[in-house]
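This is how it looks when you write it as structure tokens:
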């Protein structure tokens, strides 16, 4: 439900107002011009031998933004951009009266770009990113009519199914990358012959197949695709012909060089593809909605493509590539024709349509050409694909030929049902009333263009298809193949006879179609309804989530804390090991002062537990923090010790602000003995586990390679002698930047949890405190600046300096008032924080101007003793002051 509301919000916020919609009419043509420019660019850049581009993405992990354009990706990229152009033109006319049409075209363009990213990516992780983008953008398109509950439900269904499959595919791709030692597809394919011997081969195969099957609607995931018909017709025309559903087919073809050697691949693809094709052909004949009939026919084609890729022979691959071309051309045209029928008559029910040919003459012409290609009538692309399909089947087994014959015959029957009843006037009754929608050129030009291309593709363009698409495509899928060019005429042979039998059988079945449909309706033996199964599974998941929430979310902070620490205790205990080095641990080397500090820490912890007064508990808690500071000092970590000391001091400030509002400890209800025993056990386990882990760590030989690297490179690389600060502002500056952003975000979140308070009045009436506080606060602010400027070469830095400044300002706040401090700051604390974050970002971005990675330190010591790390540290200084001081002031104002 939350996802549905999010989709509704997206649409509402992205809907242009009427004025914008009117003023921008002449700009809408750019949505069609953009994919056309991409189509032309692809034609210009492509070479049959392949083209590659690569840009560093995450160099430390060896990841690049890699793209390639080979025979297979060229075919898909041309279909995506070429048909995308015609769909955009059709959508401009079809959605002319829609108030949200600007959003629609933006979504459709984003969908196209995501799909192009899928087919052009040469990095499998980058491919996954674009894969999921197609899932998100298709969700927005399917649920575009968001006022309709069915649209929202079906959009959510497609998102859950394809998104879940995408997660499985990600796991498979990661396994594949680990097997090959690279995520670059080119590198992986070079090792294709060695990968089947790897232990992760089968798991990666299964996971990748899950992603491909969910995306391309293979059984048992076939039901989401017909439900996607809730989308506007232009979306259906695009999604079914050239984009999303073909992504799974593309993935199967792309990874065939790796997995096609496996019998598991062969049997899974042929069985799943064959059953999907046959079952969905039967389901298609049962439908009465024209769009649903076409939708199920798409799953039929997807099943046949999966079947052919599973066979993997040269003839099967040529048939599959030709079927992709033919299906994209005729399916987009048929959906557009159905859209015109719907727009002219207001219905898509086949029983309510008749005699539309006089009103939709051009649509009828386009429909006839598309139907002939679907049925496999020569010389159209569908015929060529069917011929090679039968040839491939004859190479494998007679059962495959029989399956193809039956599926293709049922497809012919379906096409006749789609074409004859709506356009013919032979049926009883008057013709269905229709509006003259073909007055709008954009509704008939795209399907007519697709019909013309279908005729020209094989009659005049077959040699170009062979040289540029079919042969390079087959080579991409099966690198060892030496494919021969497709031929339109092979003489009278068995495949041609089978094609004739297909047409004849399809016509015979069509004659008996009404009786068969009636028999089907009466038959009570059916397979489980996939939509109902999905709904029940989703309902079961929601019921489980509700039960889990009732168990875990009890609205008691103590319960949440207990569960969290119990899980932590289990995780820590699982890591406890007794290493051999532990027996040789030099216990005699422990100094007496180390024992004294440890005893003080233990005593302070016990006091916190048994204390019945707030002041004593806070003092003991502070003692633990200060003793921890001493530990850092003993082991030569002055920067960390200073930070710990200042953080503990700020904790005291916060506790002072909160203490008067916390009830007395003696009034707090005690937990039961049983509960306290559980708390003690969990705490003891955590303490024991942490102690053992630390002892084991310290007993191990120390690896000084990291420390040696920083000590050797601190001055020459970072121009600073304080190694800790150089790491924070140079070597690991990105981590520091993220930490400061977290501080600012935490401050904003803390403010949102507290109600806006009144401006507090003077808090402490003391002349001595007031006078001393002004002097001490001024000294602390100056000292904080001193630590900021010297931090690169001596203990200090922006973070420590900022904490000292916050403590000084907090002291001034106690002596005067929060209002007094706000007035002296001149700007809102979080404005200062945001400026600091921006300054740090600018310091990092300066490096990009010098062609070096983001946040690389640059120094200009020949001119001035200044560099980007200092600017970065100043930003950290301001960010921490603004973020922490904003919380302190807000807490003080809210609680006074």
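Residue numbers (the UniProt record's numbering): 1 to 896.
Using N, Cα and C, we set each Cβ at its ideal position, and we do this for glycine too.
Owing to the predicted nature of the structure, the values given are computational and were not obtained by experimental measurement.
To which residues of the same chain is residue i closer than 8 Å at the C-beta, ignoring the five residues directly before and after it?
i	result
residue 884	650, 743, 747, 802, 803, 806
residue 166	128, 131, 132, 135, 211, 214, 215
residue 89	32, 442, 445, 446
In this structure, what does DSSP give as the bridge partners for residue i?
i	result
residue 436	DSSP lists no partner for residue 436.
residue 184	123
residue 349	289
residue 859	867
Counting along the chain, where does the beta strand (DSSP E) carrying residue i start and finish?
i	result
residue 64	63–69
How far does the alpha helix (DSSP H) with residue i in it extend, from its first residue to its last?
i	result
residue 227	224–227
residue 829	829–845
residue 320	314–345
residue 949	Limits of the chain in this structure are 1 at one end and 896 at the other, which puts residue 949 out of reach.
residue 445	441–459
residue 611	Taken as a continuous stretch (DSSP letters only), residue 611 belongs to no alpha helix (DSSP H), as it is neither H nor E.
residue 36	30–45
residue 727	Segment: none, residue 727 is in no alpha helix (DSSP H) and carries neither H nor E.
residue 639	638–659
residue 408	398–423
residue 662	Unbroken run through residue 662: none, as it is neither H nor E.
residue 783	767–790
residue 212	201–215
residue 143	No alpha helix (DSSP H) holds residue 143; DSSP gives it neither H nor E.
residue 823	818–825
residue 240	233–241
residue 692	673–699
Under three-state DSSP, which class holds residue i?
i	result
residue 376	coil
residue 884	helix
residue 55	strand
residue 87	helix
residue 123	strand
residue 289	strand
residue 24	Note on residue 24: pLDDT 49, under 50, position unreliable in the model; the coordinate value appears next. Coil at residue 24, not helix or strand.
residue 547	helix
residue 482	coil
residue 717	helix
residue 867	strand
residue 489	coil
residue 464	helix
residue 131	helix
residue 14	Bear in mind that the predicted position of residue 14 carries a pLDDT of just 38, short of 50, making it unreliable; the figure below should be weighed with that in mind. It is helical.
residue 95	coil
What residues in its chain sit with their C-beta under 7 Å from that of residue i, if we drop five residues either side in the sequence?
i	result
residue 872	729, 733, 840, 843, 844
residue 85	32, 35, 36, 39
residue 226	292, 295, 296
residue 666	612
So, at 6 Å on beta carbons, what are the nonlocal neighbours of residue i in its own chain, with the 5 sequence-adjacent residues on each side left out?
i	result
residue 477	253, 256, 317
residue 65	55, 57
residue 284	293, 296, 297, 414
residue 495	387, 390, 391
residue 169	208, 211
residue 117	130
residue 348	289, 290, 291, 342
residue 7	With a pLDDT of only 39 at residue 7, under the threshold of 50, the placement of this residue in the model should not be trusted; the figure read from the coordinates follows. Hits under 6 Å: 143, 146.
residue 769	815
residue 569	682, 685, 686
residue 52	68
Inset, instruction - Decide yes or no for the touch test of the segment 233–246 against the segment 191–209: beta carbon pairs closer than 8 Å, at least 3 of them. - result: Touching, no.
Inset, instruction - Take every Cβ of the segment 391–400, pair it with every Cβ of the segment 330–340, and state whether three or more of those distances are shorter than 8 Å. - result: These segments do not touch.
Inset, instruction - Check whether the segment 818–834 touches the segment 875–890, taking contact to mean three or more Cβ pairs, one atom from each stretch, closer than 8 Å. - result: Between the segment 818–834 and the segment 875–890 there are three or more inter-stretch CB-CB distances shorter than 8 Å, so the stretches are counted as touching.
Inset, instruction - Could you say if the segment 299–309 and the segment 214–222 meet the contact criterion of at least three C-beta pairs nearer than 8 Å? - result: A contact exists between the segment 299–309 and the segment 214–222.
Legend entry - Cβ contact (3+ pairs, closer than 8 Å) linking the segment 640–655 and the segment 679–697: With contact defined as three or more Cβ pairs closer than 8 Å, the segment 640–655 and the segment 679–697 are not in contact.
Inset, instruction - Report yes or no: do the segment 66–80 and the segment 464–472 share at least 3 C-beta pairs separated by less than 8 Å? - result: In the pairwise beta carbon analysis, the segment 66–80 is classified as touching the segment 464–472: at least three pairs are separated by under 8 Å.
Inset, instruction - Please determine if the segment 303–320 and the segment 476–492 are in contact, where contact requires at least 3 C-beta pairs separated by less than 8 Å. - result: In short, these stretches touch, since the Cβ pair count reaches three.
Inset, instruction - Check whether the segment 629–639 touches the segment 604–619, taking contact to mean three or more Cβ pairs, one atom from each stretch, closer than 8 Å. - result: Below 8 Å, too few C-beta pairs join the segment 629–639 and the segment 604–619 to call them touching: fewer than three.
Inset, instruction - Indicate whether the contact test is met: 3 or more Cβ pairs, each with one atom in the segment 786–794 and one in the segment 714–724, closer than 8 Å. - result: With a cut-off of 8 Å on Cβ pairs, the segment 786–794 is in contact with the segment 714–724, counting three or more such pairs.
Inset, instruction - Check whether the segment 620–630 touches the segment 598–608, counting contact only when three or more Cβ pairs, one atom from each stretch, lie closer than 8 Å. - result: Taking 8 Å as the limit for Cβ pairs, the verdict is that the segment 598–608 does touch the segment 620–630.
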